[in-house]
Amino acid sequence: MPVSFARKTTARPESRPSVRMLTIDHESAGQRVDNFLIRVCKGVPKSHIYKAIRGGQVRVNKGRVQADYRLAAGDVVRVPPLRMPAPDEPRRVPPAAFPVVYEDDAMVVIDKPSGVAVHGGSGVSFGVIEQVRAARPEARFLELAHRLDRETSGLLIIAKQRKALVALHDMMRQSAGRKLYQALVVGDWVNDRQHIRKPLLKFLTPGGERRVKVDPLGKPAHTIVTCLKRFGRYTLVGAELRTGRTHQIRVHLASSGFPIVGDDKYGSEAVRDHFASLGFKRMFLHAARLEIPHPVTGEAMVFETPLPPACVNLLRLLEHEK
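If you're matching positions, the sequence shown starts at 171 in the numbering used here and goes up one per residue.
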């Protein structure tokens, strides 16, 4: 016999969760069902959403689906009674206005600071995309076109239209355009220009932390490294991504014997402690330049952002010590 908890709850009727049936429009077509639910179920923990998908509570056209199912226009999605925040609840994600490098109707390019995750998850309750959405409540569509590691600063593209997002994702998969980074590495870089082609494999540490290593069973990865300036025991290098693997630049440089200064996963703790004592407490990796065709018009676009002040000040200090 079912038990009713109606007399024990003080929630108002409008805040009680209930099943919703949502029909997918052309704007949302092509999106993964998990990402769609994360967007429409603002405030609901991702773990709850994935549990609902695995348990069959989320259905598309009355059938069970996996998290990576791509939605089509006209699909009817059953959204289970996940708890949603009431309209008058305090906003859980603080809005933030990040420096805008470029913006039009299709996309916005921001300069992401170091230390900020691009999205919530993995112990982070919210990231750049959630904060941008909170700062722009009138925006109908805001989605990450690609990702940067939490400690990496620099250019990040956010799509404002579904067709722009699809085009940008296609570009990233096909390595269209150019993505150029700057990094300070430990050691005197040998060659003025060097191609690093080493396959990369994801794995989990015993503690459950995601890592990447060079492994013959991994996916092909290609980075072009150029020497920009030598500082004796350290070198400022440029790194161009020809593929977009997780932690690619960090692992390619570390596996070549030149870890990035401040890298807490693939670098030296002693080096991190040394630079932290100098006031530099981040990883020196910066997404400095993007060259891509516009996702809607096809026009050639170039975006640039200078090194952050903390990085510039550190280079001045190293120059003085040479």
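No residue lacks a Cβ here, since even glycine has one placed at the ideal position from N, Cα and C. A quick note: this is a predicted structure, and the numbers were derived from the prediction, not measured.
One or two residues paired with residue i in a DSSP bridge
i	result
GLY233	VAL230
ARG459	LEU350 and GLU474
SER323	HIS456
GLY408	GLN352 and THR396
THR193	VAL246
ASP281	LEU325
PHE373	ARG381
ARG240	ARG202
LYS389	LEU370
ILE430	VAL355
GLU273	VAL278
Backbone secondary structure at residue i - three-state DSSP
i	result
CYS397	strand
TYR220	helix
PHE268	coil
GLN301	helix
VAL286	coil
LYS212	coil
HIS316	coil
HIS464	coil
ARG143	Since the first residue of the chain shown is 171 and the last is 492, residue 143 is not available in this structure.
GLN364	strand
PRO260	Below a pLDDT of 50, predicted positions are generally treated as unreliable, and PRO260, at 48, falls in that range; the measurement from the model is reported next regardless. Of the three classes helix, strand and coil, the one that applies to PRO260 here is coil, per DSSP.
GLU469	coil
GLU489	helix
HIS444	helix
ARG415	coil
ALA309	coil
LYS330	coil
SER425	helix
LEU498	In the structure displayed, the chain extends from 171 to 492; residue 498 sits before or after that span and is not available.
Interface flag, residue i vs chain D, CB-CB below 7 angstroms
i	result
LEU406	Among the protein chains of the structure shown there is no chain D, as only one such chain exists.
Classification of residue i by the beta-carbon crowding that lies within 10 angstroms, buried from 16 upward
i	result
PRO260	Because the pLDDT of PRO260 is 48, which lies under 50, any placement of that residue in the model is unreliable, and the question is left without a value.
ARG442	buried
ALA176	At ALA176, the pLDDT of 34 sits below 50, so the modelled position is not reliable; the number obtained from the coordinates is stated separately. ALA176 comes out exposed.
ARG380	exposed
LEU484	buried
LYS349	buried
GLN236	exposed
LYS232	exposed
GLY324	buried
THR322	buried
ALA346	exposed
VAL298	buried
GLY378	exposed
VAL482	exposed
GLY244	exposed
VAL270	exposed
HIS456	buried
PHE445	buried
ARG234	exposed
GLY225	exposed
ARG240	exposed
PHE373	exposed
LEU207	buried
THR393	buried
GLU489	exposed
THR405	buried
LEU423	buried
Candidates the options, of which the one nearest residue i by Cα
i	options	result
THR396	ILE419, LYS389, LYS383 and ARG381	ILE419
LEU314	LEU448, ARG303 and LYS451	ARG303
PHE454	THR467, ASP275, ALA334 and GLY437	GLY437
HIS196	ARG310, HIS365, ALA470 and ALA266	ARG310
ARG343	TYR239, GLY226, GLY414 and LEU460	GLY414
ALA242	PRO264, ARG202 and CYS211	ARG202
MET471	LEU477, GLY377, PRO479 and GLU461	GLU461
PRO215	MET191, LEU477, VAL263 and VAL247	VAL263
PRO390	ILE327, VAL421 and HIS289	VAL421
ASP475	ALA276, ALA267 and PRO283	The identity of residue 475 in the sequence shown is Thr, whereas the question assumes Asp. Ranking ALA276, ALA267 and PRO283 by Cα distance to THR475 puts PRO283 first.
ARG403	PHE428, VAL384, HIS417 and PRO386	PHE428
GLY468	PRO307, LYS333 and ARG317	LYS333
Residue i CB to nearest heavy atom of the ligand NAD below 6 angstroms
i	result
TYR404	Absence of the ligand NAD is noted for the structure shown, with no ligands found whatsoever.
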